[in-house]
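Protein chains in written order, with this note's numbering: chain X, 1 to 223; chain S, 1001 to 1223; chain Y, 2001 to 2223; chain P, 3001 to 3223.
Number of protein chains: 4
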Amino acid sequence: MKEFGCKVEEIPAGELNGCGRRTRFDSPTGHMFEIFAEKEQTGKWGLTKTNPEAWPRGLEGMKVTRFDHCLLYGIDIDGTLELFRDVLGFELAEQVVDPEGNRAAQFLTVSMKAHDIAFIKHDEDGKFHHASFFLDTWQDVLQAADIISMEDISLDIGPTRHGLTHGQTIYFFDPSGNRNEVFCGGNYHYPDHEPLTWKAEDLGKAIFYHDRQLNERFLGVLT
Amino acid sequence: MKEFGCKVEEIPAGELNGCGRRTRFDSPTGHMFEIFAEKEQTGKWGLTKTNPEAWPRGLEGMKVTRFDHCLLYGIDIDGTLELFRDVLGFELAEQVVDPEGNRAAQFLTVSMKAHDIAFIKHDEDGKFHHASFFLDTWQDVLQAADIISMEDISLDIGPTRHGLTHGQTIYFFDPSGNRNEVFCGGNYHYPDHEPLTWKAEDLGKAIFYHDRQLNERFLGVLT
Amino acid sequence: MKEFGCKVEEIPAGELNGCGRRTRFDSPTGHMFEIFAEKEQTGKWGLTKTNPEAWPRGLEGMKVTRFDHCLLYGIDIDGTLELFRDVLGFELAEQVVDPEGNRAAQFLTVSMKAHDIAFIKHDEDGKFHHASFFLDTWQDVLQAADIISMEDISLDIGPTRHGLTHGQTIYFFDPSGNRNEVFCGGNYHYPDHEPLTWKAEDLGKAIFYHDRQLNERFLGVLT
Amino acid sequence: MKEFGCKVEEIPAGELNGCGRRTRFDSPTGHMFEIFAEKEQTGKWGLTKTNPEAWPRGLEGMKVTRFDHCLLYGIDIDGTLELFRDVLGFELAEQVVDPEGNRAAQFLTVSMKAHDIAFIKHDEDGKFHHASFFLDTWQDVLQAADIISMEDISLDIGPTRHGLTHGQTIYFFDPSGNRNEVFCGGNYHYPDHEPLTWKAEDLGKAIFYHDRQLNERFLGVLT
């Protein structure tokens, strides 16, 4: 990463509870990342490691299974793709490309998920769009939508489906004003798959597959 | 019905293929209705009457199970309620009531469905808002939404849930410009149940439970 | 009912908390029934009558929506059909008929549900097979199955689907040894529908649509 | 692999249509495997690479998304674990361990799926138990179960859930007598996760989470 040009910093084990040594680095889009190899294991979804039941008793709220990905905004997304692909081993799973062949959005994976992290080209660096959590089913997306209404939470958009990744989704704002997504489903990726491409002129359908148009609220990034 | 003041007309059996004698009558809201007792039976969902399979082979498109209800607009919805309740035996299952105690919307049932027909108060008589078809599952609502997008059909709103009836729904326009709904779920009604009431000042949530606001397109009635 | 030959008994209002005057009567199959017109209304599923939310907060366990039906066993099911149809106004929605044309099972409805009560021919009178509770979705049937396993409850059979009624179902025994069903879906019935018929020689598929054979445990009635 | 002791054979590109050069090798459990780096890309699920719709039009039957894994039986599963883990880079995601600490079953992953291949200890080498295909939803598992019944296909067991992997599943035999599984859901795996363990004495629940007992038909391996 140093060779690539990142500022790199080491953070000793234990500085964060239950977390091993971390390496912090910045990206061409102006975001700070940290990676680590060791983390306290509390069991998938809080289940025991021996004879785990199907799901934890006493779940409340939206019942998210795990953190899934986040979407970040910045100027030099080509540079950040290089960093994540050539230095960190991610693959380009899906992208939005404009008629001149420039990438306007990139969805990167280091697993078989449609994205572990995503970036959208934007004229300001270091911006955060949303954090996303995984639900098991489309029925859970409905339940999340109901909870958003029952608890009078600020809805962004949904329930709907994305064209990109084909995930089934709903977005909302937490009390601090951060945008959050809960979603289920979505494409899978294998290492020999070429990237899926959406044309920038079809961006409405690429983002919101059912409405086929963007809403202005969703386009806003958080400061 | 004549005593109530309806114009009543008899239509002989066979005038409509496969349909017995019909009685046509008008309502205070200026709509024409027809009732009949005999109709050619083609099997529930097209299945045989003996050893019926779980669902018909070769279903295409949105796979609706059956017609469910329609929503009509007109001025004198109190009069139409009297007609449907006192003459035809429907019950008032759900309603919207304004702060002065006037009904702005009424959902009538003659079964245990949340509505077999519904009326909304409107300053013009004889208007049609939408016809609605039943789907088995919320998964089918997603599939309908996908088909709407894949076939480039004009979407009105959805997938979402109603507050009134709690049905899970999507609305779209057919090529003739008629609004259609496909939906699943929804409240049940038993004869001893008092009507469920939504306050007119919460109409947004009553209609679109997740967005909690009306969109102008949905408010338009068809001419 | 007296004319039909039933023993009829009146039970005054209030003898059962929150319940109006009841009429108790027996049936040709040796079962005792009670009907009433007035019952304390606690709201569908416990929800308020004004601006009801989509579902009650704090639901636990299998999250049943309501009681649905029960299945009873006895000798003279023809007599009980006459009582329920000609005296009480039920309709025969579905049935099992043997090659000689005798009914071996009958599913009766007084709504548009596939059954509000069902009877199976059996050489002993007054027997109870199961009580059944309604779930909203097939996902809820899976959740019920998981709970049965997590709580080490005695499973009878399921998750599966019935041929009769086409409901999606699971059966289990409560600590007192009573058989219970939770299920979702199932056929609808309109008053002009002829009964659906399953042949007695296909009883396996009629009862358990996927396994296509009966298990002995399910055949046992409770004493 | 040669160093590990495998018999290794090269098969030139094109010997199999649309497939690049393959390397064939055997395993301690007596199975033959082939790996390749290049395969003709026909689009995920048959969808185009540009502006892909949510799902392919005209799907028929069980609508499987992709091949998922297979389960094999043999004697030296410890040796095969070494081969797959130390030579090929798989990880041990889930296992069954007997009271003496011996592994009776191992589920191996090279992705974040609960298993890409699985092995069960058995006193004969080179046996095949089943091939498994992925469905999107539990609703699709029900549909598969319905199709199995409607087409009079030989059912093995299901719909149900596994304890191991927590997948939701149904098994059936094709006309050649091969056992097939279609399933949805299931645990995820990240590289720093320790294996999940089921105790051999709870094998019934580990395999069939709802029935909590094995059926003899399922135990049979194919010759």
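C-beta: ideal position from N, C-alpha, C; glycine also. All values derive from a computational prediction rather than experimental measurement.
If you measure between the beta carbons of residue i and residue j, is that distance less than 8 Å?
i: R2022 of chain Y; j: F2036 of chain Y; result: yes
i: F2183 of chain Y; j: T2169 of chain Y; result: yes
i: V1221 of chain S; j: F1128 of chain S; result: yes
i: L2092 of chain Y; j: L2071 of chain Y; result: no
i: M2112 of chain Y; j: S1154 of chain S; result: no
i: P3028 of chain P; j: L3083 of chain P; result: yes
i: I2157 of chain Y; j: G2061 of chain Y; result: no
i: H982 of chain S; j: E1094 of chain S; result: An answer regarding residue 982 of chain S cannot be provided, because it is not within the stretch 1001 to 1223 covered by chain S.
i: W1138 of chain S; j: L142 of chain X; result: yes
i: Y2063 of chain Y; j: D2140 of chain Y; result: Before going on, a small fix: residue 2063 of chain Y reads as Lys here, not Tyr. Yes, Cβ-Cβ distance for K2063 of chain Y and D2140 of chain Y is below 8 Å.
i: L219 of chain X; j: L203 of chain X; result: no
Who are the Cβ neighbours of residue i in its own chain at under 7 Å, not counting the five residues just before and after it?
i: L3047 of chain P; result: E3053 and P3056
i: V87 of chain X; result: M1 and F4
i: M32 of chain X; result: R24 and D26
Does any residue of chain A have a CB that is nearer than 8 Å to the CB of residue i?
i: Q1106 of chain S; result: This model lacks chain A altogether, as its protein chains are X, S, Y and P.
Take the Cβ of residue i as the centre, count every other Cβ of all protein chains shown within 10 Å, and call the residue buried at 16 or more, exposed below.
i: K39 of chain X; result: exposed
i: Q1041 of chain S; result: exposed
i: R1217 of chain S; result: exposed
i: D1192 of chain S; result: exposed
i: Y3171 of chain P; result: buried
i: E15 of chain X; result: exposed
i: N17 of chain X; result: exposed
i: A1013 of chain S; result: exposed
i: D3174 of chain P; result: exposed
i: S2132 of chain Y; result: buried
i: S1176 of chain S; result: exposed
i: D2116 of chain Y; result: buried
i: D3123 of chain P; result: exposed
Once you ignore the five residues that flank residue i on each side, which residues in its own chain have a CB closer than 6 Å to its CB?
i: D1098 of chain S; result: A1104 and A1200
i: F2134 of chain Y; result: T2065, R2066 and D2068
i: I1075 of chain S; result: D1125
i: L1081 of chain S; result: Q1106
i: K1205 of chain S; result: G1163 and R1212
i: I2120 of chain Y; result: Y2073 and A2105
Looking at the structure shown, is residue i part of a helix, part of a strand, or coil, going by DSSP?
i: F75 of chain X; result: Correcting the residue type first, residue 75 of chain X is Ile in the shown sequence and not Phe. If DSSP states are grouped into helix, strand and coil, I75 of chain X belongs with coil.
i: Q1095 of chain S; result: strand
i: L3155 of chain P; result: strand
i: S132 of chain X; result: strand
i: W198 of chain X; result: strand
i: T169 of chain X; result: strand
i: F1218 of chain S; result: helix
i: F3090 of chain P; result: coil
i: E1009 of chain S; result: strand
i: K44 of chain X; result: helix
i: E82 of chain X; result: helix
i: M150 of chain X; result: helix
Can you find the residues in the same chain that come closer than 8 Å, C-beta to C-beta, to residue i, ignoring five residues on each side of it along the sequence?
i: H2166 of chain Y; result: A2114, G2185, G2186, N2187 and Y2209
i: G3043 of chain P; result: K3049 and P3052
i: A1118 of chain S; result: H1069, C1070, L1071, L1072, A1105, Q1106, F1107 and L1108
i: I1011 of chain S; result: R1021, R1022, T1023, R1024 and E1034
i: I2207 of chain Y; result: H2162, G2163, L2164, L2214 and F2218
Taking 7 Å as the cut-off, is the beta-carbon of residue i closer than that to any non-hydrogen atom of the ligand SAM?
i: Q2095 of chain Y; result: Looking at this structure, you won't find the ligand SAM or any other ligand, since it has none at all.
Checklist entry - At a Cβ cut of 8 Å, what residues of the segment 1136-1150 of chain S count as close to chain X, listed as they run along the chain? => result W1138, Q1139, L1142, A1145, D1146, I1148 and S1149
Checklist entry - Listed from N- to C-terminal order along the chain, which residues in the segment 3044-3073 of chain P have their beta-carbon within a distance smaller than 8 Å of any beta-carbon of chain S? => result E3053, A3054, W3055 and R3057
Checklist entry - In chain order, what residues of the segment 190-210 of chain X put their CB closer than 8 Å to some CB of chain S? => result K205, Y209 and H210
Item to check | Under 8 Å (Cβ pairs) to chain X, residues found in the segment 3153-3179 of chain P | outcome: R3161, G3163 and H3166
Checklist entry - Between the segment 2212-2223 of chain Y and chain P, which residues of the former have CB atoms less than 7 Å from a CB of the latter, in chain order? => result R2212
Checklist entry - Going along the segment 1089-1122 of chain S in order, which residues come within less than 8 Å of chain Y, judged by CB to CB distance? => result S1111, M1112 and K1113
Next on the checklist: Closer than 8 Å between beta carbons: that is the criterion. Which residues of the segment 2003-2024 of chain Y meet it against chain S?
Outcome noted: none
Item to check | Positions along the segment 1024-1043 of chain S whose CB lies within less than 8 Å of some CB in chain Y | outcome: Near chain Y, meaning a CB-to-CB distance below 8 Å, the residues of the segment 1024-1043 of chain S are A1037, E1038, K1039 and Q1041.
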